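The numbering of the sequence shown is the working numbering, which starts it at 615 and goes up by one.
One structure is given here, and the rest of the page talks about it.
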Amino acid sequence: CTPLTEVNSNSVRASVDPPKKKAPQPQQPPVLKQMQIDLGHEVRRTCATCGMEYVPSNTEDAALHKKFHNMNSTGVDLGKAFMRANASRWVYEATRFDEGYVVIVDRKASPTAKNQAKKVLEVICKELSSPTIEDEVLWSQTEAPKHLQQNGVPEKVDRYKVFLHMKDSRCVGACLTERIWESRPVKKSAASGNGPDSSVTVGEERHPAIVGISRIWTSGSSRRKGIAMDLLDCVVSNFIYGMEIPKEQVAFSQPTESGKGLAQSFFGNEEWHVYEES
615 CTPLTEVNSN SVRASVDPPK KKAPQPQQPP VLKQMQIDLG HEVRRTCATC
665 GMEYVPSNTE DAALHKKFHN MNSTGVDLGK AFMRANASRW VYEATRFDEG
715 YVVIVDRKAS PTAKNQAKKV LEVICKELSS PTIEDEVLWS QTEAPKHLQQ
765 NGVPEKVDRY KVFLHMKDSR CVGACLTERI WESRPVKKSA ASGNGPDSSV
815 TVGEERHPAI VGISRIWTSG SSRRKGIAMD LLDCVVSNFI YGMEIPKEQV
865 AFSQPTESGK GLAQSFFGNE EWHVYEES
């Protein structure tokens, strides 16, 4: 046999070539799996007609807006049962409006009548962005401030009365009135001013007053028909039984722009007054 000889490793090619290094590949971004559907934030809208904020994509919210919008636009349906039960409280037949009558709801009214009046007040408060009046205040009694009391403490009187202008069973206008004791005159420059600013400037002197117009409202489809003026006529004739209240003893709360226009129409060229709601 052939003897083994020393093999020089440098003279012999390896039987297996070493693996070639691959060129680096660009790094691929990780694959993301969407686990949730993003529908975005719910968008709130404010209705230009009724003033209510709501979420259109929310079925319950949209239905609530539709109901409130209809009440604001066409009036609040109080039902035929309300008409029958409160026939004795019809105090005024409309003279400017083509038809209708006015019902007074006060502290002595039935619980059902009070609840129906509050339904109307809810619509008014939402449209005017005014605070809600709680039952214990709305149906309470009041008395004159101590500095106005004479001959002892006067008998307590009902604080608020709600005048509802009805057309059939639907309330198309309402006026919330309050027993007040003092008012302040509106300065003529503020009373005659025009523009988007509804604020008024009042004098420092105080005048005796009887009734305050806290809130007054007419449904959208019944505006510009004299309903608000009919309500004011009814208030001065029926706020206190058997007494026609002089206009100078009627005062408005801080009015909106349309409320200021109504006050100017009601008082004409006479000085008109405002009062501070407590």
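The C-beta atom is built at its ideal place from N, Cα and C for all residues, glycine as well.
Remember, it's a predicted structure, so these values are computed and weren't measured experimentally.
Q: Express the C-alpha separation of Tyr715 and Lys781 in angstroms, rounding to a whole number.
A: Translated into the one-based positions of the sequence shown, residue 781 becomes position 167. Translated into the one-based positions of the sequence shown, residue 715 becomes position 101. Near 7 Å, if we compare the C-alpha coordinates of Tyr715 and Lys781.
Q. Given that a residue counts as buried once 16 or more other Cβ atoms are within 10 Å of its Cβ, and exposed if not, what is Arg838?
A. Within the sequence shown, the letter at position 224 stands for residue 838. It counts as exposed.
Q: Give me the Cα-Cα distance between Tyr706 and Asn672, rounded to the nearest whole angstrom.
A: Reading the sequence shown from its first residue, position 92 is the one you call residue 706. Reading the sequence shown from its first residue, position 58 is the one you call residue 672. Inter-residue distance for Tyr706 and Asn672 is about 43 Å (C-alpha atoms, whole angstroms).
Q) What three-state label does DSSP hand Lys801 in the structure shown? A) The count along the sequence shown starts at 1 and reaches residue 801 at position 187. Secondary structure of Lys801 (DSSP, three-state): coil.
Q. Candidates Ile718, Gln863, Val751 and Val864: which alpha carbon is nearest Ala699's?
A. Taking the first residue of the sequence shown as 1, we reach residue 699 at position 85. Residue Ile718 is the option with its Cα nearest to Ala699.
(Q) Below 8 Å, how does it come out for the segment 839 to 850 and the segment 881 to 889: are there three or more Cβ pairs, yes or no? (A) No, the segment 839 to 850 is not in contact with the segment 881 to 889.
Q. Would you report the Cα separation of Val816 and Ser833, rounded to the nearest angstrom?
A. Residue mapping note: residue 816 aligns to position 202 of the sequence shown, counting from 1. Residue mapping note: residue 833 aligns to position 219 of the sequence shown, counting from 1. Approximately 30 Å between the Cα atoms of the pair.
Q: Since I believe Arg798 is in contact with Val613 (beta carbons under 8 Å), could you give me their beta-carbon distance rounded to a whole number of angstroms?
A: The structure shown does not extend to residue 613, since the chain spans only 615 to 892, so no value can be given for it.
Q.
Going by DSSP in three states, Ala788 sits in which element: helix, strand or coil?
A. On the sequence shown, residue 788 is found 174 positions in, with the first residue counted as 1. Strand, per DSSP.
Q.
So, at 6 Å on beta carbons, what are the nonlocal neighbours of Pro894 in its own chain, with the 5 sequence-adjacent residues on each side left out?
A. Examination of residue 894 is not possible in this model, given that the chain is present from 615 through 892 alone.
(Q) So, at 7 Å on beta carbons, what are the nonlocal neighbours of Gly826 in its own chain, with the 5 sequence-adjacent residues on each side left out? (A) Within the sequence shown, the letter at position 212 stands for residue 826. Only residues of its own chain outside the window of five on either side were considered, and among them Thr791, Glu792, Ile794, Ala865, Ser867 and Tyr889 have a CB closer than 7 Å to the CB of Gly826, listed in chain order.
Q.
On a Cα-Cα basis, can you pick out the residue from Leu692, Gly873, Pro869 and Arg820 that is closest to His761?
A. To locate residue 761, count along the sequence shown from 1; it is residue 147. Comparing C-alpha distances from His761 to each of Leu692, Gly873, Pro869 and Arg820 shows the shortest one belongs to Arg820.
Q: For Glu713, count neighbouring Cβ atoms within 10 angstroms of its own Cβ and tell me buried if that reaches 16, exposed if not.
A: Taking the first residue of the sequence shown as 1, we reach residue 713 at position 99. By the 10 Å Cβ count, Glu713 comes out exposed.
Q) Going by the CB atoms, is the gap between Val771 and Gln755 shorter than 8 Å? A) For the purposes of this step, residue 755 is taken as residue 141 along the sequence shown, with counting starting at 1. For the purposes of this step, residue 771 is taken as residue 157 along the sequence shown, with counting starting at 1. Their beta carbons are under 8 Å apart, which means Gln755 touches Val771 by this criterion.
Q | Collapsed DSSP secondary structure at Asp720 in the structure displayed | A | Here residue 720 refers to the residue found at position 106 of the sequence shown. In the structure shown, Asp720 falls within a coil segment according to DSSP collapsed to helix, strand and coil.
Q. Taking the DSSP output, what are the residues bridged to Gln755?
A. The count along the sequence shown starts at 1 and reaches residue 755 at position 141. According to DSSP, Gln755 bridges with Asp772.
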